[in-house]
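Participant: Residue numbers (my numbering): 5 to 59. The C-beta atom is built at its ideal place from N, Cα and C for all residues, glycine as well. Computed from a predicted model, the values in this text were never measured in an experiment. Pasting a structure here, questions to come.
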């Protein structure tokens, strides 16, 4: 089969929908949840008992 030259990969991506954007409030909730999980992992690692705290 002869070489067809470089292919245009952009064509398949042109029809793809734009990535979803999170609202500012949703993004903040995700960051708070990530921080809470990090604290829980650190507490488990060091054997600490964290009180229930709402971040």
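Quick check on DSSP: helix, strand or coil for residue 25?
Facilitator: Residue state, collapsed to three classes: coil.
Participant: If you reduce the DSSP assignment to three classes, tell me which class residue 42 lands in.
Facilitator: Three-state result, residue 42: helix.
Participant: So, using beta-carbon positions, are residue 41 and residue 47 closer together than 8 Å?
Facilitator: Taking 8 Å as the Cβ cut-off, residue 41 and residue 47 do not qualify as a contacting pair.
Participant: Identify, in the order they occur along the chain, each residue of the same chain with its Cβ nearer than 6 Å to the Cβ of residue 37, setting aside the five sequence neighbours on each side.
Facilitator: Same-chain partners within the cutoff: there are none.
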